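In the numbering used here, the protein residues as written are 10 to 237. The C-beta atom is built at its ideal place from N, Cα and C for all residues, glycine as well. Given the structure is predicted, the values throughout are model-derived calculations rather than measurements. Here the structure is laid out as structure tokens; the discussion comes afterwards.
What follows is the structure, encoded as structure tokens:
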């Protein structure tokens, strides 16, 4: 009798595969008018650092912009300087922004990853057109808020993992499965692809297969090499 394979165990959940999202520092919001940066903090559930603000409505958190530092002022009625939060209708064309709201008062939802930006392309009475990182164009309500600049932490992936131990602790902090073993290198008891008794078996599996067997190409339309 086999045991639960990794795909099934991760799907069920549990402490071994839990996301660090439950340890998040807080939800970034734009519910204030003026603020001052009092600290830059790390959020275990995010790649981008967060800025802790002292606002006219208490302490709040936002996604820090590149170059933001303690002591910086934020004024929603100010100029479109880096780190300032403004209505899209007030941001000039060609300005680089991040942390856009999907709709007014939704909070920052789009372009929140480190280094991601959008560019204001056009203004209209009922919409503002923004070019997304994918080069596609998306329309927003003019009263949606966004932060000028780009999200901080964009150089995080540039630093190389010089030792396996560094990767081990980095993955462990986020409960990521590492090191990852090839399925074909496992034993038959651990994975349907394991063992050397059935070489060349198909990767395609039925949509109605039991969880322990549902690996590889599930209900694939086609298999094999694509002809040129």
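Q: Closer than 7 angstroms by C-beta to residue 149: which residues in its own chain qualify, once you throw out the five before and the five after it? Chain order, please.
A: As a first step, residue 149 must be located in the chain shown, where it is residue number 140. Here the set comprises 97, 109, 136, 137, 139.
Q. Is residue 177 helix, strand or coil by DSSP?
A. As a first step, residue 177 is located in the chain shown; it is residue number 168 there, counting from the start. The answer is helix: DSSP assigns residue 177 an H, G or I state.
Q) Can you name, in chain order, every residue of its own chain whose Cβ lies under 8 angstroms from the Cβ of residue 176, other than the five neighbours on each side? A) Here residue 176 refers to the residue found at position 167 of the chain shown. Excluding positions up to five away in sequence, the list reads 170, 187.
Q: Ignore the nearest five residues each way along the sequence and tell me which others in residue 220's own chain have a CB closer than 7 angstroms to its CB.
A: Within the chain shown, residue 220 is the residue found at index 211, counting from 1. So the list reads 17, once near-sequence residues are dropped.
Q. Which term fits residue 48, buried or exposed, when burial requires 16 or more other beta carbons within 10 angstroms of its beta carbon?
A. The residue given as residue 48 occupies position 39 in the chain shown. Burial call: exposed.
Q) Expressed to the nearest angstrom, what Euclidean distance is found between the alpha-carbon atoms of residue 32 and residue 205? A) Along the chain shown, one-based indexing puts residue 32 at 23. Along the chain shown, one-based indexing puts residue 205 at 196. Approximately 43 angstroms between the Cα atoms of the pair.
Q: Consult DSSP for residue 5 and reduce its assignment to one of helix, strand or coil.
A: Lying outside 10 to 237, the shown extent of the chain, residue 5 is not represented and no answer is given.
(Q) Tell me the DSSP secondary structure of residue 31 in three-state form. (A) Stepping through the chain shown from its first residue, residue 31 is reached at position 22. Helix.
**Q.** N- and C-terminal bounds of the alpha helix (DSSP H) containing residue 228
**A.** Taking the first residue of the chain shown as position 1, residue 228 is located at position 219. Counting along the chain, residue 228 falls outside any alpha helix (DSSP H), and DSSP gives it neither H nor E.
Q: Return the chain-ordered list of same chain residues with a C-beta closer than 6 angstroms to the C-beta of residue 30, the five sequence neighbours on each side being excluded.
A: Here residue 30 corresponds to residue number 21 of the chain shown, with the count starting at 1. Excluding residues within five positions, the ones whose Cβ falls inside 6 angstroms are 54.
Q | residue 210 (DSSP reduced to helix, strand or coil) | A | In the chain shown, residue 210 corresponds to position 201, counting from 1. Residue state, collapsed to three classes: coil.
Q.
So, under 8 angstroms CB-CB, residue 146 and residue 125 are touching, yes? Tell me the CB distance rounded to an integer number of Å.
A. Within the chain shown, the letter at position 137 stands for residue 146. Within the chain shown, the letter at position 116 stands for residue 125. Contact doesn't hold; Cβ gap of about 16 angstroms is too wide.
Q: Keeping to the same chain, check which residues put their C-beta closer than 6 angstroms to that of residue 212; ignore five residues upstream and five downstream.
A: To locate residue 212, count along the chain shown from 1; it is residue 203. Cβ within range, chain order: 225, 226.
Q: List the whole-angstrom C-beta distance separating residue 57 from residue 155, where the pair is believed to meet the contact cut-off of C-beta under 8 angstroms.
A: Position 48 of the chain shown holds residue 57. Position 146 of the chain shown holds residue 155. Wrong, their Cβ atoms sit about 15 angstroms apart, outside the cutoff.
**Q.** Exposure of residue 104, with buried meaning 16 or more beta-carbon neighbours within 10 Å
**A.** Residue numbering aside, residue 104 sits at position 95 when the chain shown is read from its first letter. With 16 or more other Cβ atoms within 10 Å, it is buried.
Q: For the beta strand (DSSP E) holding residue 67, just list the boundary residues, first then last.
A: As a first step, residue 67 is located in the chain shown; it is residue number 58 there, counting from the start. Residue 67 -> beta strand (DSSP E) spans 67-72.
(Q) Quick check: the Cα distance between residue 179 and residue 185, rounded to an integer number of angstroms? (A) Locating residue 179 in the chain shown gives position 170, where the first residue counts as 1. Locating residue 185 in the chain shown gives position 176, where the first residue counts as 1. Taking the straight line joining both Cα atoms gives about 9 angstroms.
Q) Once you ignore the five residues that flank residue 63 on each side, which residues in its own chain have a CB closer than 7 angstroms to its CB? A) Taking the chain shown and counting its residues from 1, one reaches residue 63 at position 54. Excluding residues within five positions, the ones whose Cβ falls inside 7 angstroms are 44, 45, 47.
**Q.** Runs of beta strand (DSSP E) wholly within the region 102-152 (minimum 3 residues, chain order)
**A.** 105-107, 117-119, 127-132, 137-140, 146-149
Q.
Check this for me: beta carbons of residue 199 and residue 61, under 9 angstroms apart or not?
A. Start at 1 with the first residue of the chain shown, and residue 199 comes out as number 190. Start at 1 with the first residue of the chain shown, and residue 61 comes out as number 52. No.
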